[in-house]
Amino acid sequence: MATVAQRSVARRQLAGTVMTSAGLKARTAMNSSTDRVADLFATDEVRNLFALALPGYEPYPFSELVHTARDRLTATPAHSVGILARELRRAGLAIHQARSAGQHAGEDAAQLIAFTRSGCNWWASTVDHDGPALVQAHLIDPCEQLLSAGNSDERDDGYAALRGLATRLGSHSGFTSRWALHIDDGA
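Going by the working numbering, the first residue of the sequence shown is number 934, and it counts up by one from there.
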């Protein structure tokens, strides 16, 4: 029986996206950040959302669930779960970028939380799906808890994840340029 990694490589080879050594190196560097996203956000409730939207993928690692949900749930009844997956992936990229640059949580964490909540409320008023509500419940709420934690790594990661979301919501009033992260998330 093939391992999850072997199935993942086989899927990518069939899709014609065989990775070069540089691409593999970049993906490997991201593993720690995607694993961190799993540590921070892979609650039973989130896993259940993905399991219901992607039957048969339940045993997959959280990072594969996020990647698959982001790619496969666009324009489906489970589009909202795909939106959550996109933002969780973006959170991993933001954490990776902030860690690589040695960036830490700022003193403006409360302002960042308020902005992302306000931005999600505005976003929710412009769409006809529950994606923004899922992002609030499963990304912003946990980040707020992380930012109130005493552990500096958790604070830094929560702050970075919110910066990634704030960058996406940057057209909403109240965005501050110091939160900007230039992330190529393919979305």
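Think of the CB as a built atom: it goes at the ideal place given N, C-alpha and C, for glycine as much as any other residue.
Values in this document were obtained by computation on a predicted structure and should not be read as measured data.
Check: Using a Cβ distance threshold of 8 Å, determine whether the region 990-1001 contacts the region 1063-1081, with at least three qualifying pairs required.; Outcome: no
Check: Residue 1047: buried (16+ other C-beta within 10 angstroms of its C-beta) or exposed?; Outcome: exposed
Check: Are at least three pairs of beta-carbons, each pair with one atom in the region 1036-1054 and one in the region 1099-1110, less than 8 Å apart?; Outcome: yes
Check: Hey, out of 1029, 1059, 1051, whose CA is closest to residue 1092's CA?; Outcome: 1029
Check: Would residue 944 be called buried (16 or more neighbouring beta carbons within 10 Å of its own) or exposed?; Outcome: Caution is warranted here: a pLDDT of 44 is assigned to residue 944, below 50, making its placement in the model unreliable, and the coordinate value is therefore given only provisionally. Under this definition residue 944 is an exposed residue.
Check: Using a threshold of 8 Å, state whether the C-beta atoms of residue 1024 and residue 1072 are closer than that.; Outcome: yes
Check: If you follow the alpha helix (DSSP H) that residue 1097 is part of, which residue opens it and which one closes it?; Outcome: 1085-1101
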